[in-house]
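The block underneath contains the structure these notes are about, expressed in structure tokens.
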DNA sequence: CGGAAGATTGAGCAGGATCAAAAAATGTGG
DNA sequence: CCACATTTTTTGATCCTGCTCAATCTTCCG
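Residue numbers (our numbering), protein chains in the order written: chain A, 13 to 267; chain B, 13 to 267.
Below is the structure:
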């Protein structure tokens, strides 16, 4: 249990034990559905790292897959560099959302994970986790649930990109973030975006200029109120209708 | 072990036991990494259905999630209907590729799965599978590997859609199918597409006309030879280079 | 053989990318 | 705390690519 060295480049994690039992992400994260004894078992595996400051990478694409990571606070983006060197953002990860589950097959990470803001992160060595899962059925079940959630989430994202209108893509992202913040106990209608406009553009596969204009349009239409990174959803029903999530009837009623 | 009734609408599966031990998809599917005793355990769970003819659905979005499905032969597409009623195709599934793993969290299927051609399918009740996985570590491991593969695959798909050029998107799909066929013992350079042009369009988020033109372009450039659904990859290196999978150097060399 | 669905080809249009510049926010050092 | 430098975001103008509409051709069924 040595003190953290302030050396910036070293991403080695300290051996600090996690406190899953007192973590408020309990029911979003790995411990969900487990009893106290099981959680204790989990805590022996999980270690908390020194916080990652903005821009620091948790791991890079092609690095060997050893562990999965879960932010406790802050936010993380995962991306891969395209053929032209541009960042293709694959996901934004809020506290309790597991990162790195895609590395199991190839035994290496498929993506690069980078902190969007100061982020406390838990590291979970995957081999230990798997062994524990074999002993603790509740852990096995929850681990699979998290993987299933990841699959469903990516499918949802494919749907978002399938929608052609930039405004609708942006609306879907804002609604998605809204729900995820709400589930974490934050406001569903007012929150700070952890990512830049360019990040949003790279995620929605749009030009940054288009994202800016899309924000303008949503604001002009009275759906959201945007001030820099602060977003307030002024009419969530209309926003959902506009995004195409509601039926055609609702849509016409809201417009 | 009653004979299958020919009633078309009934998707109830017959109780026929699977023969995972003699299935040639062994190392792609669930049995991978398991010993004979473990496979025998798995066979008690898996049941083979009467083949699904073209256009028949294995399950529909919103239906309760009870089982996952694996085609033994043929091909299956998964999709969801967009707000405007259009089919948004999420995936094409070849033999050995598990379908339905996204249903675990919400306890209902997120997508509709439909046979693209006559398809033999294995049905695996998920609760039984999970119980078996808790007893058989090799099964637990492989199940997680399959889920991880699914996540990585969806991420790859997001990358494909991120690419703006229709020709490159199509090239990436063809290369993807090529690899997947190759791993199944089929030719990597010559194969029949199981899906229509419209399906390809719905998958790549393009208009059908654009897909047609993209095929024309790839053919004119001497990368592929297309006759209806028969595809022959005449220059796989150039095709990979064109798709952006290879480095910029390779790309300039091939063009 | 005929009908229908699917695929291809062509012409015109619109929407998002790109290029360019101004404005705002962020951060840094004095 | 402010001034300055840098980055980020917004706004404007133009261009180009993929969508739409329309017609033809093909294939696949009964």
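Just so you know, even glycine gets a beta-carbon here, dropped at the ideal spot from N, CA and C. Please read these numbers as outputs of a predicted model, since none were measured by experiment.
Nearest-angstrom Cα separation, counted from residue j out to residue i
i	j	result
residue 38 of chain A	residue 186 of chain B	43 angstroms
residue 66 of chain A	residue 113 of chain B	34 angstroms
residue 229 of chain A	residue 235 of chain A	9 angstroms
residue 149 of chain B	residue 239 of chain A	52 angstroms
residue 216 of chain B	residue 173 of chain B	7 angstroms
residue 79 of chain A	residue 136 of chain A	5 angstroms
residue 111 of chain A	residue 154 of chain B	20 angstroms
residue 138 of chain B	residue 51 of chain A	25 angstroms
residue 43 of chain B	residue 205 of chain A	44 angstroms
residue 224 of chain A	residue 181 of chain A	13 angstroms
residue 194 of chain A	residue 56 of chain A	30 angstroms
residue 207 of chain A	residue 69 of chain A	15 angstroms
residue 46 of chain B	residue 222 of chain A	51 angstroms
residue 25 of chain B	residue 134 of chain B	Because the pLDDT at residue 25 of chain B is just 46, under 50, the model does not fix this residue reliably, and the point stays unresolved.
residue 61 of chain B	residue 128 of chain B	16 angstroms
residue 226 of chain B	residue 178 of chain B	6 angstroms
residue 33 of chain B	residue 49 of chain A	38 angstroms
residue 189 of chain A	residue 132 of chain A	19 angstroms
residue 248 of chain A	residue 219 of chain B	31 angstroms
residue 36 of chain A	residue 175 of chain B	39 angstroms
residue 161 of chain B	residue 245 of chain B	25 angstroms
residue 73 of chain B	residue 198 of chain A	30 angstroms
residue 196 of chain A	residue 196 of chain B	44 angstroms
residue 93 of chain A	residue 140 of chain A	30 angstroms
residue 266 of chain B	residue 156 of chain B	Low local confidence applies: a pLDDT of 45 at residue 266 of chain B is under 50, so the model's placement there is unreliable, and no value is given.
Selected residue, minimal CA-CA separation from residue i, among the options
i	options	result
residue 84 of chain A	A:63, A:155, A:251, A:218	A:63
residue 253 of chain A	A:237, A:184, A:95, A:127	A:184
residue 231 of chain B	B:222, B:82, B:243, B:88	B:243
residue 97 of chain B	B:251, B:194, B:214, B:75	B:214
residue 163 of chain B	A:89, A:212, A:116, A:247	A:116
residue 99 of chain A	A:189, A:56, A:126	A:126
residue 108 of chain B	B:158, B:77, B:140	B:158
residue 81 of chain B	B:202, B:68, B:59, B:92	B:59
residue 121 of chain A	A:140, A:91, A:104	A:91
residue 237 of chain B	B:219, B:249, B:202	B:202
residue 89 of chain B	B:71, B:36, B:160, B:249	B:71
residue 76 of chain B	B:118, B:94, B:245, B:95	B:118
residue 86 of chain B	B:74, B:105, B:36	B:105
residue 233 of chain A	A:255, A:241, A:212	A:255
residue 212 of chain B	B:93, B:197, B:241	B:241
Distance between beta carbons of residue j and residue i, contact taken as under 8 angstroms
i	j	result
residue 166 of chain A	residue 167 of chain B	6 angstroms
residue 146 of chain B	residue 152 of chain A	6 angstroms
residue 191 of chain A	residue 200 of chain A	7 angstroms
residue 123 of chain A	residue 102 of chain A	6 angstroms
residue 170 of chain B	residue 170 of chain A	6 angstroms
residue 144 of chain A	residue 54 of chain A	7 angstroms
Residue i, enclosing alpha helix (DSSP H) - first and last residue
i	result
residue 52 of chain A	48-57
residue 215 of chain A	209-216
residue 127 of chain A	Element bounds for residue 127 of chain A: not the alpha helix (DSSP H) but the beta strand (DSSP E), 124-127.
residue 75 of chain B	First-last for residue 75 of chain B: undefined, no H or E at that position.
residue 222 of chain A	220-232
residue 142 of chain A	138-147
Residue i (DSSP reduced to helix, strand or coil)
i	result
residue 34 of chain A	helix
residue 60 of chain B	strand
residue 106 of chain A	coil
residue 235 of chain B	coil
residue 254 of chain A	helix
residue 192 of chain B	helix
residue 83 of chain A	strand
residue 167 of chain B	helix
residue 248 of chain A	helix
residue 180 of chain A	helix
residue 118 of chain B	coil
First through last residue of the beta strand (DSSP E) which encompasses residue i
i	result
residue 93 of chain A	88-93
residue 245 of chain A	242-245
residue 202 of chain B	202-204
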